[in-house]
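J.:
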Amino acid sequence: MNRWPITRYLLGSHTIFLVFLLAGVYLFVAVVVGAVATFRDIRISGVDVVGQILPWVTAGYGTTTAALLATVLVHGRTRREFLIQHPVFQVITTGLIAALITGVYAIETAVYRAFDWGQKVQDERAYATTSEYATIFGAYWSMLLIWLMVGVFLGMAFYRWEGSGVLALIPAGVIVVVTGGVNGFLSLPFARTDLPLLPVTVAAVAITYAMLWYTGRDVALRARVA
C-alpha cells in the first residue's frame, strides 16, 4: 500500500480536482453558448475556444510544482521519488483530461447538429472537424502533457536558480513552438509541419523530462524566514 505514494496522492486529490474544475468550465461555456444563441446564430465551437487558453493554464499549474516538491521533501520523501512519480501523475492526468475534452466535443457536436449551428474550429488545429475524435484526443493529450511538463520544468528552474531561471524559457519556448506546429496549439505559421504527432510528442516529453531531472535531482530545499 506504500508504493507510489506521491502518484497516488496526486491522482486522488489534484486529478479529481482538475477534472471537476474543467467540467465546471465546460458547463459554464454551455450556459454562455445557450445565452448567446437566443439573439444570434452560433458559428464556432465553444469547446475549441476554451482550448485556446488551456495551454497557458496548464503551464501555469505546472509551475506550482516546485512548492509541492518542497512539501514532499519535508515529509520524508526524496527528490528521486518525486521526479519518478510526478511524471506518472502527469501522463495519467493529462490523458484523462484529454478524454474528457474529447467526450465534451462529442456532446457539443450532437447538440450543435440538433440546433443546426455551425461548429468551426481554429484553422491551425490538427483536426479539421469536431468529429475526428481520435485526432482530437491525441492533439489534446500531446498539448496538455508537453505544456504541463514544460511548466513543471520552469517552476523547478526558477525555484533552483531564482532570477537566472529565466534562461529556462529559451528551451521551453523552443519545445512549445515546435510541438505546437504539430498538435495545433500555439501553432505559429513558420513552425507548422506535417511531422507525425506521436514521435514528436514522445521526443518533446523525453527532452523536457531530461531537463527537469537535471534541474531537480539535487535542488536545495529553501529555508523559510520567519
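Take the sequence shown: its position 18, counting from 1, is numbered 20 in the numbering used here, and each next residue is one higher. Every residue gets a Cβ at the ideal spot worked out from N, C-alpha and C, and that includes glycine.
CB of G26 to nearest heavy atom of the ligand ZN: below 7 Å?
T.: Absence of the ligand ZN is noted for the structure shown, with no ligands found whatsoever.
J.: Spatial neighbours of V227 within its chain, please: C-beta separation below 8 Å, excluding the five flanking residues on both sides.
T.: The residue given as residue 227 occupies position 225 in the sequence shown. For V227, the pLDDT reaches just 44, beneath the cut-off of 50, and the residue's location in the model is therefore unreliable, although a value from the coordinates is still provided. Result list for V227: empty, nothing under 8 Å.
J.: I'd like to confirm the pairing. Which residues does DSSP put opposite I46 in its beta bridges?
T.: Against the sequence shown, residue 46 aligns to sequence position 44. Bridge partners of I46: K122.
J.: Compute the Euclidean distance between the alpha carbons of R224 and P173, then round it to the nearest angstrom.
T.: Taking the first residue of the sequence shown as 1, we reach residue 224 at position 222. Taking the first residue of the sequence shown as 1, we reach residue 173 at position 171. Between R224 and P173, the C-alpha separation is close to 25 Å.
J.: Rounded to the nearest angstrom, what separates V93 and L147 at their Cα positions?
T.: Position 91 of the sequence shown, counted from the start, is the residue given in the question as residue 93. Position 145 of the sequence shown, counted from the start, is the residue given in the question as residue 147. So the two alpha carbons sit approximately 6 Å from each other.
J.: Could you pull out every unbroken alpha helix (DSSP H) segment of at least 4 residues lying fully inside the segment 18–104, listed in chain order?
T.: Qualifying alpha helix (DSSP H) stretches, in chain order: 18–38, 48–53, 56–65, 67–76.
J.: Going by DSSP, what residue range makes up the alpha helix (DSSP H) through F155?
T.: Translated into the one-based positions of the sequence shown, residue 155 becomes position 153. Where F155 is concerned, the enclosing alpha helix (DSSP H) stretches over 135–163.
J.: Is the number of C-beta pairs between the segment 209–222 and the segment 148–159 that are closer than 8 Å three or more?
T.: Segments in contact, yes.
J.: DSSP state of S189, grouped into three classes?
T.: As a first step, residue 189 is located in the sequence shown; it is residue number 187 there, counting from the start. Of the three classes helix, strand and coil, the one that applies to S189 here is coil, per DSSP.
J.: Can you tell me which of the three DSSP states W215 falls into?
T.: Position 213 of the sequence shown, counting from 1, holds the residue named residue 215. It is helical.
J.: Can you tell which of L56, T131, L98 has the C-alpha that lies nearest to the C-alpha of Y1?
T.: Here the chain covers residues 3 to 228 and nothing more, so residue 1 does not appear.
J.: CB V178 to CB L190, shorter than 8 Å?
T.: On the sequence shown, residue 178 is found 176 positions in, with the first residue counted as 1. On the sequence shown, residue 190 is found 188 positions in, with the first residue counted as 1. Cβ atoms of V178 and L190: not closer than 8 Å.
J.: Among F30, V35, W119, T67, which one has its Cα closest to the Cα of R162?
T.: Along the sequence shown, one-based indexing puts residue 162 at 160. Here the closest residue by C-alpha is T67.
J.: Would you mind reading off the limits of the alpha helix (DSSP H) that contains L12?
T.: For the purposes of this step, residue 12 is taken as residue 10 along the sequence shown, with counting starting at 1. Residues 7–12.
J.: Below 6 Å CB to CB, which residues in the same chain sit around A141 once its five sequence neighbours on both sides are set aside?
T.: Stepping through the sequence shown from its first residue, residue 141 is reached at position 139. The residues are A128, N185, G186.
J.: Starting from the Cα of K122, find the closest Cα among A69, D43, P7 and give me that residue.
T.: The residue given as residue 122 occupies position 120 in the sequence shown. Of A69, D43, P7, the residue nearest in Cα terms is D43.
J.: My output table needs one value for L199: the three-state DSSP class, helix, strand or coil.
T.: Position 197 of the sequence shown, counting from 1, holds the residue named residue 199. L199 falls in the helix class under three-state DSSP.
J.: Alpha carbons only, please: which of W143, T181, R10, I103 is nearest the one belonging to L29?
T.: In the sequence shown, the residue the question calls residue 29 occupies position 27. If we check each option's Cα against that of L29, I103 comes out closest.
J.: Do the CB positions of A193 and G182 come within less than 8 Å of each other?
T.: The residue you call residue 193 lines up with position 191 of the sequence shown. The residue you call residue 182 lines up with position 180 of the sequence shown. Yes, the Cβ-Cβ distance between A193 and G182 is below 8 Å.
J.: From V59 to G53, what distance separates their C-alpha atoms?
T.: For the purposes of this step, residue 59 is identified with residue 57 of the sequence shown, where counting begins at 1. For the purposes of this step, residue 53 is identified with residue 51 of the sequence shown, where counting begins at 1. Using only the alpha carbons, I get a separation of about 10 Å.
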